[in-house]
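Residue numbers for the sequence shown, in mature numbering (1 follows the signal peptide of the UniProt record, and there is no 0): -22 to -1, 1 to 326.
Using N, Cα and C, we set each Cβ at its ideal position, and we do this for glycine too.
These notes are about the structure you will find just below.
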Amino acid sequence: MKKLKKALLVSLVLVVTFGLTACSKSKDYTAHVFFWNYADPFVGEIRTNLEKEFKEAGIEYKFYDGANNQSKQNEQIETAISSGASILVLNLVEAETGETVIKKAKDANIPTIFFNRQPPHEIFKDQEEAVLMDGDVIGGAKVQGELIANYLLKDYDKYAKEDGVIDYIMIRAELSHDAATARTKYSVERANEVLKEAGKPELRRHASAPSDLLADDWSAAKGKDAMSTILSTLSDPSSIDLVIGNNDGIAEGVVSALNDKDYNKGDDAKFIPVFGYDATDSGKDLIANHKLAGTVLQDAKQNANVITMMVKNKRDGKEFIEGTDLKYDGDFKRIVIKDVAYDPAVHK
């Protein structure tokens, strides 16, 4: 009987000790999350969803705004590493800095998750504690192109000039960003392919914008500035048949500039198709109010959910994707999230 009591006492001590250790480990584990710029609409939605998911998962966290300043973000990362961060979740201002960050984190034995901006892929090879979560930037750009072409083909003569050609304006984001470059190039290429398959001519640049306009920080303010500059040179905005933006922030700015000219206010007779990317809440609202023609869904909730699963796994001593439905794509730890055309009837 004494032996039984002693065995039970030892078991109870082990259970309590294990429980306290697990609780302490969870409480001491803090994710340090770095955003390139809080002002970015899509990144802002990831941040909002991530905060919600972290709280529900009981994950301690610290968020940092890089404010589009790599030097500032470098200091933030250095501070997090020196303070003993448990894991780094990184949306870099400049993707090229990824190699330096991985090395410093590895030296400090800190796992890293990179998202939204792609550092050079070769830096992830042979890295056991670094993972990249991103999208198929070329594939997503082609989705935008198909969305544009299919929209135009539904009522082609309504949008085309008398010579049967559609004149477009492209407003791109920062020159060094891989997604901006892909969306600028492949959206138009894919739209032209679909149009040609339907027996229609390729898109033609509007005479007022023979080259891409720049809204370098992805913002509505810069999108509006770029579009307003073009509109100031035109006596009639209706000579523009189509505007393509690299994201919903830029597209929102374009719509605002058109609103100032009494266009895209919900009246079909004074509507110029404008396309964005990301399916932000603002973008969805503009579509619902017939001010924006379409967008591509880059799911902020899904991004936040995947990041949370990986952080939780590392907190619990597991591999990044252990016990999940996630799979690595390619020859290193990379998770690809596919973007799709936003459909208001499907994507509530």
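Out of the options, point me to the one whose CA is closest to residue i's CA.
i	options	result
Val71	Trp14, Thr26, Gln105	Trp14
Phe32	Val67, Ala319, Glu171, Ile55	Val67
Asp226	Gly117, Gly244, Asp18, Lys163	Asp18
Ser165	Lys40, Gln280, Phe253	Phe253
Phe310	Ile91, Lys82, Thr75	Ile91
Arg168	Ile88, Asn128, Ala185	Asn128
Asp317	Asp256, Val324, Leu191	Asp256
Tyr134	Lys163, Trp196, Val172	Val172
Gly272	Tyr320, Val11, Gly301, Asn291	Tyr320
Lys262	Glu23, Glu77, Ala9	Glu23
Leu220	Arg25, Ser260, Val143, Lys202	Val143
Pro215	Ala235, Ile228, Trp196	Ala235
Gly308	Phe41, Ala45, Asp114	Asp114
Arg25	Lys279, Glu38, Ala45, Ala158	Lys279
Please state whether DSSP places residue i in a helix, a strand or coil.
i	result
Val233	helix
Asp238	helix
Arg183	strand
Lys248	helix
Glu300	coil
Ala193	coil
Glu38	strand
His325	coil
Ile313	strand
Leu270	coil
Asp156	helix
Ser285	Looking at the sequence itself, residue 285 is Ile, so the reference to Ser does not match. Of the three classes helix, strand and coil, the one that applies to Ile285 here is helix, per DSSP.
Ala73	helix
Arg150	strand
Ile222	strand
residue 342	An answer regarding residue 342 cannot be provided, because it is not within the stretch -22 to 326 covered by the chain.
Ala119	helix
Leu212	coil
Gly142	coil
residue 330	This structure gives no information on residue 330, because the portion of the chain shown stretches from -22 to 326.
Ser101	Inspection of the sequence shows that residue 101 is occupied by Ile rather than by Ser. DSSP places Ile101 in helix when its eight states are reduced to three.
Asp135	helix
For residue i versus residue j, is the C-beta distance shorter than 8 angstroms?
i	j	result
Lys82	Glu107	no
Gln96	Leu110	yes
Ala204	Leu212	no
Ala86	Ile116	no
Gly231	Ala198	yes
Val314	Asp104	no
Phe12	Gln54	yes
Pro89	Lys290	no
Ala9	Ser64	yes
Thr258	Phe20	yes
Asp194	Lys200	yes
Trp196	Ile222	no
Have a look at residue i and residue j and give me their C-alpha separation to the nearest angstrom.
i	j	result
Asn237	Ala160	28 angstroms
Asn224	Asp277	16 angstroms
Leu130	Lys239	23 angstroms
Ser154	Gly295	36 angstroms
Ile218	Val233	13 angstroms
Val324	Thr57	43 angstroms
Asp43	Tyr16	6 angstroms
Asn242	Ile126	17 angstroms
Leu275	Tyr306	21 angstroms
Tyr146	Thr162	12 angstroms
Cys1	Tyr7	Confidence is the limiting factor: at Cys1 the pLDDT is only 44, short of 50, which leaves the residue's position unreliable, though a coordinate-based value still follows. Roughly 10 angstroms separates the two Cα atoms.
Lys269	Ala119	22 angstroms
Ile80	Glu74	11 angstroms
His99	Thr78	13 angstroms
Glu175	Glu124	12 angstroms
Asn27	Asp303	20 angstroms
Lys30	Pro322	24 angstroms
Ser260	Glu34	25 angstroms
Asn281	Gly244	32 angstroms
**Asked** Are the segment 173 to 181 and the segment 198 to 213 touching, with three or more C-beta to C-beta distances below 8 angstroms?
**Response** no
**Prompt:** Does the segment 47 to 59 touch the segment 283 to 298, meaning 3 or more C-beta pairs lie closer than 8 angstroms?
**Reply:** no
**Request:** Decide if the segment 239 to 248 is in contact with the segment 150 to 159; the criterion is three or more beta carbon pairs, one per stretch, under 8 angstroms apart.
**Result:** no
**Request:** Would you check if the segment 125 to 144 and the segment 184 to 204 touch, i.e. whether three or more CB-CB distances between them fall below 8 angstroms?
**Result:** no
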